[in-house]
RNA sequence: GGAGGGAUGACAGAGCGGACGAAUGUACCGGUCUUGAAAACCGGCGUGGGCUUGCCCACCGUGGGUUCAAAUCCCACUCCCUCCGCCA
C-alpha cells in the first residue's frame, strides 16, 4: 500500500511517480478527494462520540447523586446524540471502505532507478553471463544436439511424462520420473544448502488466508491468477514470498534482529489465467512448480545491500549450474504491483532457443510492510515500517528445461553439472532407458 | 467430530456495567546513592488515527448485538489448553 500521508504531503510527486507505470492522475485525484471527505466525516463523528461519552459520564454522576430527574433528562439527550453519532459513523465507514478499496488497487511507486517504459520491450538488459566469459571466451554457440526441446529430451530419456500429468490434473501440471524427478529434488537440496548458513530455513504452509494474500499485494488485484479453495477460504500460494511476508505480520521487531533473512522451498501454484494458449508445450509455463525463495525483512538502510545479496546468490546458483543467463532491469510498466525495483534473471535454453525467466529479485520498500503491518523499534524508541526484499534462488521446471537442453550430448544422453553429484547419488549422466 | 476451560499491555496477572487505556508485579529506560556493580529509592514506560499541538477518538482474540454508558452483559466465529473419539 502506498503511503497516504505522503500523497497528502506531496501529491504531485506521487502522481508523477505512478504515472511512470500507467496510473492516471484522475485515479489519484479521486483518492485525494475520498481522503479529504473521510477526514471531514471522521471529525464530525468523533465530535459527536465525545459528546455522548461526556453525557454518559454525567448520567452516572446524577445516578450516584440520586438525582433521577437530571439523569432522565441527560439520558434522553444522550440518546438523541447517539442516533446522530451512529449515522455519522456509518457515513464515515462507507467512505473509509471506498477509500481502502481504491488504495488497495494502487501499485507501489517505482524506484527512480527503474527504467522508463510501459511494457516488457522497455526492459533493460544489464549484463550476460556464460561459462568461460571471464576467460575471454565468446557467447556460446550451441550444437545441433542441444537444439532439441526439453519435452523431446524428457520423453526420449523417460524422465518427463507430461501425458500422465495431464491425466492426473490437466494440462500444465508436469510429472517427472526417475532421474528427472531426482534432478528436481537435487536442485532443491543444492539451493537450500547453499544459503541455510545465512538464511534461516523455513517450511511454511502451502495455503494462505485472504488476509495473508492481501499483505503481499497478490489480492485483491490478482485473484484470477491464483487457485482458491473457497470452502475453506484459502488460497494456494503462488510463491513463498506470501507466507514469509506474513510470518511476522502485525509485529514490532527489534532493530537488533534485522535483517531477518529467510529461505524456503515451497510448491508454487499459478493459474496463468491471462496466458491461455501461450507457451503450452513442455515446461515453459506450468501451473505448479517448486521454488527456493530468499527473503529478508530489513531497515530501509539495509535494503539495498539485502537486495544485492539475494541477486548475487541467485546468480551464483546459475553460475554453479553452468547455465547461460542475462540480468534484466524491469521497466516501470513491467514491475509487479508491490515492487519498486525488480531485476529478473533469465536463462538461455538452447533447445527452445529462448530466454526463460527463472528469478525475480524485488525490493518492495515499505509497500508490503504497510499492508502486513510489520514494523521495527528504532534506536530512539519510535516505530517505523520495515522494508521487504525477496528473490527466487532457483525455480524448477524452467531450470530443469534449460539444464537438459544445455547438457544434452551428441549421443542423446544428458550430463549433469558436478555440483549436483552429491545429491544425485553420484550419477553424472542420464542415459536413454534402452541403452 | 464430542465435552469442558481459556484469550487483557514485552511477560505474568487483576478488573466482570459508570472517570478503565486499563491495578499490581517483572522486564526495560533515565535519575539518586556507590570507586564500580548489585540492592534500595524516585521518575518514565502500549499502538494507531484526527485536528484548532493541546485536546479528542479508536483498540482488552475477531465480528455483530443490548445500553445513556461495554474489557465487563448477549450471540456467532477464530485460536489455545485438558479429556474422549477418529486418523497420516
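Numbering (the working numbering), first residue to last: 2 to 436. Think of the CB as a built atom: it goes at the ideal place given N, C-alpha and C, for glycine as much as any other residue.
The beta carbon of residue 79 sits closer than 7 Å to the beta carbons of 53, 56, 57 and 60 from its chain, once the five residues preceding and following it are set aside; these are given in chain order.
Burial is judged here by how many other beta carbons sit within 10 angstroms of a residue's own beta carbon; residue 391 has at least 16 and is buried. Residue 295 has 264 and 392 as its beta-bridge partners, per DSSP. Going by C-alpha positions, residue 338 is about 40 Å away from residue 158. A Cβ-Cβ distance of about 6 Å is found for the pair residue 177 and residue 185, placing them in contact under the 8 Å criterion. Across the structure, residue 261 and residue 376 are spaced so that their CA atoms are roughly 12 Å apart. Contact between the region 321 to 328 and the region 376 to 389 is absent: fewer than 3 CB-CB pairs across the two stretches fall below 8 Å. Under the criterion of beta carbons closer than 8 Å, residue 285 and residue 386 do not qualify as touching, at roughly 37 Å. The C-beta of residue 360 has 16 or more other C-beta atoms within 10 Å across all chains shown, which makes the residue buried. DSSP places residue 66 outside any beta strand (DSSP E), giving it a letter other than H or E. The C-beta distance from residue 211 to residue 369 rounds to 16 Å, too long to meet the 8 Å contact threshold.
The DSSP-derived three-state label of residue 154 is helix. From the listed residues 179, 318 and 283, the smallest Cα separation to residue 432 is found for 179. Between the alpha carbons of residue 389 and residue 196 lies a gap of roughly 18 Å.
In the three-state reduction of the DSSP assignment, residue 191 falls in the helix class, which pools H, G and I.
Ranked by Cα distance from residue 295, the options 303, 305, 287 and 310 are led by 310. Within the model, the alpha-carbon separation for residue 318 versus residue 349 is close to 15 Å.
Between residue 405 and residue 154, the gap from beta carbon to beta carbon is short of 8 Å. Assigned with DSSP and collapsed to three states, residue 208 falls in strand.
For the options 255, 204 and 374, the alpha carbon positioned closest to that of residue 247 is the one of 374.
In the three-state reduction of the DSSP assignment, residue 107 falls in the coil class. DSSP places residue 305 outside any beta strand (DSSP E); the residue lies instead in the alpha helix (DSSP H), whose first and last residues are 301 to 321.
For residue 330, the pairing in a beta bridge is given by DSSP as 125 and 344.
A contact between stretches requires three or more CB pairs, one per stretch, nearer than 8 Å, and the region 130 to 143 fails this requirement with the region 13 to 24. Note on geometry: alpha-carbon atoms of residue 282 and residue 152 lie some 8 Å from one another. Looking only at 50, 122 and 31, the smallest Cα-Cα distance to residue 96 is reached by 31. DSSP places residue 247 within a helical segment (H, G or I) once states are collapsed to three. In this structure, the beta-carbon distance from residue 298 to residue 322 does not fall below 8 Å. Around the beta carbon of residue 168, fewer than 16 other beta carbons lie within 10 angstroms, which makes this residue exposed. Excluding sequence positions up to five before and after residue 229, its CB lies within less than 6 Å of the CB of 236, all in the same chain and listed in chain order. DSSP places residue 397 in no alpha helix (DSSP H); its state is neither H nor E.
Partner residues in the beta bridge of residue 377, as assigned by DSSP, are 254 and 385. A buried status is given to residue 181, since no fewer than 16 other beta-carbon atoms sit within 10 Å of its beta-carbon.
Around residue 120, the same chain offers 332, 334 and 335 as residues with beta carbons nearer than 8 Å, after the five sequence neighbours per side are excluded.
Around the beta-carbon of residue 240, 16 or more other beta-carbon atoms lie within 10 Å, marking it buried. Around residue 35, the same chain offers 96, 99, 100 and 103 as residues with beta carbons nearer than 7 Å, after the five sequence neighbours per side are excluded.
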